[in-house]
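Here's the structure, in structure tokens; my notes come after.
Protein chains: 2
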Amino acid sequence: MGALGYAILGLLAREPLTGYDLAGQMRARVGSFWEARHSQIYPALARLEQRGLVTHQVVAQHGRPDKKVYEITGGGLDALRAWVTEPPAPRAVRDELLLKAFSSWLAEPGGVLTLFQDERRRHEERLRDYEQTRGWMEEAWGEDVRRPESPHFASYAVLRRGILQERGYIEWCRWVTDSLGRGTDNDDAGAEVRL
Amino acid sequence: MGALGYAILGLLAREPLTGYDLAGQMRARVGSFWEARHSQIYPALARLEQRGLVTHQVVAQHGRPDKKVYEITGGGLDALRAWVTEPPAPRAVRDELLLKAFSSWLAEPGGVLTLFQDERRRHEERLRDYEQTRGWMEEAWGEDVRRPESPHFASYAVLRRGILQERGYIEWCRWVTDSLGRGTDNDDAGAEVRL
DNA sequence: TAAGTCATGTAAAAAGTTACATGATTCT
DNA sequence: AGAATCATGTAACTTTTTACATGACTTA
């Protein structure tokens with residue numbers, strides 16, 4: 017079973033969810049850091065169920081389609097626990113912006129500047145979101161965020177990684193735009209206008 | 017054409033290479049930040065050639081198999097230049113260690129501690145490599161690393177991203193191990209011994 | 001003599017994306 | 001009236017990984 021299965025188990029270890037809920041949580045980066053579409057999730061849930069790692073109950077609703085609420089089983093928890101401490105396979109690095117940066121010397125400087133300014137803005141927005149979530153977590157969960165045996169600690173840890181990631185990305189984008197700006201007419205005014 | 021094609025073009029824009037060379041450069045993270053196996057590269061080169069973005073010459077060798085040295089064409093350079101300034105598609109986040117962190121609250125604390133100590137060590141090693149490469153680049157390439165129209169600037173920029181990435185990762189691993197350490201018997205001694 | 005490097009490919013399988021398919025309810 | 005949300009699936013396609021296949025030379 018691939019990482020996707022463990023991503024699903026990791027979410028179900030906290031609370032029972034439908035395939036739709038899982039897709040929603042995976043769209044919202046924080047909380048999982050493993051994206052997947054519903055077209056991947058539904059078959060994955062079926063496979064997990066075949067192996068006895070999850071079960072589901074059909075819940076009828078008024079005026080809405082029936083839903084299947086999935087729960088993790090004892091076997092599922094065991095599998096998840098065992099997987100956590102196994103050393104992770106070194107994953108491939110694949111970042112399109114890095115690839116663009118690598119060939120940026122060929123392109124018009126103005127276009128490259130815009131590219132990195134836009135990217136920085138996106139990461140700044142995401143950082144603000146993360147910082148807000150962090151404040152909320154600290155307020156709502158209190159000392160739990162420091163207790164390694166609490167799921168809240170784990171969520172907080174993942175969020176902290178996201179925050180560091182965004183800060184690093186922003187710092188780098190700033191360095192690139194600064195480097196570009198020095199050589200051309202173009203100063204940072206563009207960024208100020210758009211923000 | 018996907019990002020892999022542009023990764024290949026980006027390398028060929030600097031120097032002619034064989035499929036084997038390309039695979040080697042893509043294994044070595046720095047310089048490309050887009051990993052691919054030779055089984056993906058050979059067919060991709062054939063597709064690029066069909067579209068007229070690269071050409072090749074067969075070079076016979078003494079006591080070694082013939083090799084196909086690929087070169088980028090004018091059309092290839094145009095396509096690459098155009099692609100660079102297009103906004104990148106937001107790529108999916110997929111990091112197995114993050115996923116493990118997310119479910120770490122279920123596992124034995126000792127195993128989790130080892131996991132993050134090992135990971136930190138790996139990133140520290142990589143950071144040392146990167147810093148060394150950086151020193152070498154600055155010495156060998158001099159002012160070129162500050163000229164956005166030079167491929168050396170682009171390589172340097174990508175390397176800087178790698179350095180920031182590793183620093184962030186290390187900082188995060190340290191925070192996690194510190195957090196775990198506070199709750200258990202286990203202090204940082206293990207890491208000191210193994211380094 | 002065994003492992004590693006140079007060198008190029010194909011085939012099968014797994015993982016992931018995009019599009020197809022349906023349908024009621026609620027919000028703007 | 002149109003878009004978004006809730007809800008579950010399948011099909012076709014693309015991308016990536018792993019394994020198969022070959023073979024000479026070099027280094028430990």
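Chains as they are written, first to last, in the working numbering: chain U, 17 to 211; chain F, 17 to 211. For glycine and all other residues, C-beta sits at the position ideal for the given N, C-alpha and C.
Between which two residues does the alpha helix (DSSP H) holding residue i run?
{"i": "residue 46/F", "result": "That residue, residue 46/F, is in no alpha helix (DSSP H); it is neither H nor E in DSSP."}
{"i": "residue 15/F", "result": "Nothing can be reported for residue 15/F: it is not among the residues displayed for chain F, which extend from 17 to 211."}
{"i": "residue 78/U", "result": "Per DSSP, residue 78/U belongs to no alpha helix (DSSP H) and is neither H nor E."}
{"i": "residue 55/F", "result": "54 to 66"}
{"i": "residue 112/F", "result": "112 to 118"}
{"i": "residue 105/F", "result": "No alpha helix (DSSP H) holds residue 105/F; DSSP gives it neither H nor E."}
{"i": "residue 21/F", "result": "19 to 28"}
Taking C-beta pairs closer than 7 Å, name the residues in chain F that residue i reaches, listed in chain order.
{"i": "residue 115/U", "result": "19, 22, 23, 26, 49, 50"}
{"i": "residue 80/U", "result": "The contacting residues do not exist; residue 80/U stays about 29 Å from chain F at best."}
{"i": "residue 93/U", "result": "122"}
{"i": "residue 162/U", "result": "195"}
Anything in chain U within Cβ reach of residue i, meaning under 7 Å, just list it in chain order.
{"i": "residue 29/F", "result": "119, 122"}
{"i": "residue 112/F", "result": "19, 104, 105, 107"}
{"i": "residue 181/F", "result": "184"}
Could you tell me whether any Cβ in chain U is nearer than 9 Å to the Cβ of residue i?
{"i": "residue 152/F", "result": "no"}
{"i": "residue 195/F", "result": "yes"}
{"i": "residue 89/F", "result": "no"}
{"i": "residue 65/F", "result": "no"}
{"i": "residue 70/F", "result": "no"}
{"i": "residue 135/F", "result": "yes"}
Let me see if you follow: with CB-CB separation under 9 Å, is residue i close to chain F or not?
{"i": "residue 185/U", "result": "yes"}
{"i": "residue 165/U", "result": "yes"}
{"i": "residue 177/U", "result": "yes"}
{"i": "residue 96/U", "result": "yes"}
{"i": "residue 211/U", "result": "Confidence at residue 211/U is low in this model, with a pLDDT of 28, below 50, so the placement of that residue should be treated as unreliable; the coordinate-derived value is given next. For residue 211/U, the answer is no, since every Cβ of chain F falls outside 9 Å of its Cβ."}
{"i": "residue 45/U", "result": "yes"}
{"i": "residue 171/U", "result": "yes"}
{"i": "residue 144/U", "result": "no"}
{"i": "residue 85/U", "result": "no"}
{"i": "residue 74/U", "result": "no"}
{"i": "residue 35/U", "result": "no"}
Along the chain, where does the beta strand (DSSP E) that runs through residue i open and close?
{"i": "residue 74/F", "result": "70 to 75"}
Run through chain U and tell me which residues come within less than 9 Å of residue i, C-beta to C-beta.
{"i": "residue 101/F", "result": "116, 120, 123, 124, 126, 127, 128, 130, 131"}
{"i": "residue 157/F", "result": "Per Cβ cutoff of 9 Å: no residues; residue 157/F is ~13 Å from chain U at best."}
When you compare each of the options to residue i by their alpha carbons, which one comes out closest?
{"i": "residue 33/U", "options": "161/U, 115/U, 61/U, 188/U", "result": "61/U"}
{"i": "residue 31/F", "options": "82/F, 86/F, 65/F", "result": "86/F"}
{"i": "residue 143/U", "options": "156/U, 23/U, 106/U, 175/U", "result": "175/U"}
{"i": "residue 117/U", "options": "113/F, 44/F, 104/F", "result": "104/F"}
{"i": "residue 145/F", "options": "46/F, 39/F, 27/F, 38/F", "result": "46/F"}
{"i": "residue 56/U", "options": "83/U, 147/U, 42/U, 190/U", "result": "42/U"}
{"i": "residue 95/F", "options": "190/F, 152/F, 28/F", "result": "28/F"}
What I want to know is whether the C-beta of residue i ends up closer than 8 Å to one or more non-hydrogen atoms of the ligand HEM.
{"i": "residue 135/F", "result": "Absence of the ligand HEM from the depicted structure is noted, as is the absence of any ligand whatsoever, leaving it without description."}
**Message:** Report the start-end ranges of each alpha helix (DSSP H) in the region 134 to 192 of chain F that is 4 residues or longer and not cut off at the edges.
**Reply:** The region 134 to 192 of chain F contains no whole alpha helix (DSSP H) run of 4 or more residues.
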